[in-house]
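Numbering (our numbering), first residue to last: 234 to 429.
So, in structure tokens, the structure goes:
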């Protein structure tokens, strides 16, 4: 999901700063237009409102916003958003700009991506041993995966000291193994009558 932001400087009697925001969501996207810092238009755009047009006033001028979302096999995304005053196009956003924003967001995410600290692999490996020790199965694999995922997330939190993160990871690993043990005891007792 991508959050898009575009800013234009538009002169209509006076200079206006126009900002467009598109917050891409799971079921629908939120389209918002701000003119000089004031929200002038907001719309949830989803599968039932892929195309539309609305008017709003800026001072005494009647502006028109037109939007069209493109439907792909995965989801809908903005094809264009156009701001007009009568027949004059004031600003336009196209899906080419979305691709540029998407590429910039990917480059930023790659640049900010932190590697998992080496010490965290010990705890993630200990959680990953759960399905091996249990000789497989969906439940042990799920427990091991959840434990390793939580350890990874804790290890990447830079707001705490390394020693605190190590302690939290050790505790999470211990709790993962205790949870695995209790789950096996409960499942063993639950299915024991059927094994006789």
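Glycine is no exception: its CB is placed at the ideal position from the N, C-alpha and C atoms.
Check: Going straight from the alpha carbon of residue 273 to that of residue 318, what length do you get?
Finding: Spanning the two alpha carbons is a distance of roughly 14 Å.
For residue 258, list the residues DSSP reports as bridge partners.
Note: residue 258 sits in no beta bridge, so no partner.
For residue 276, write down the residues that DSSP places opposite it in a beta bridge. Under DSSP, the beta-bridge partners assigned to residue 276 are 264.
Exercise for the section: Taking residue 412 as part of the beta strand (DSSP E), name the residues at either end of that continuous run. Expected result: No beta strand (DSSP E) contains residue 412, which is instead part of the alpha helix (DSSP H) from 395-424.
Self-check item: Cα-Cα separation between residue 281 and residue 250, rounded to whole angstroms
Solution: The straight-line gap from Cα to Cα measures roughly 30 Å.
For residue 314, does the three-state DSSP call read helix, strand or coil? Residue 314 falls in the strand class under three-state DSSP.
Per-residue DSSP class, three states only, for residue 287: DSSP, read as helix, strand or coil, puts residue 287 in strand.
* Asked: residue 385: which of 328, 367, 348 and 365 sits nearest, CA to CA?
  -> Closest option to residue 385, Cα to Cα, is 348.
| message | Less than 8 Å between the beta carbons of residue 256 and residue 288, yes or no? | response | Not in contact: residue 256 and residue 288 (Cβ atoms no closer than 8 Å).
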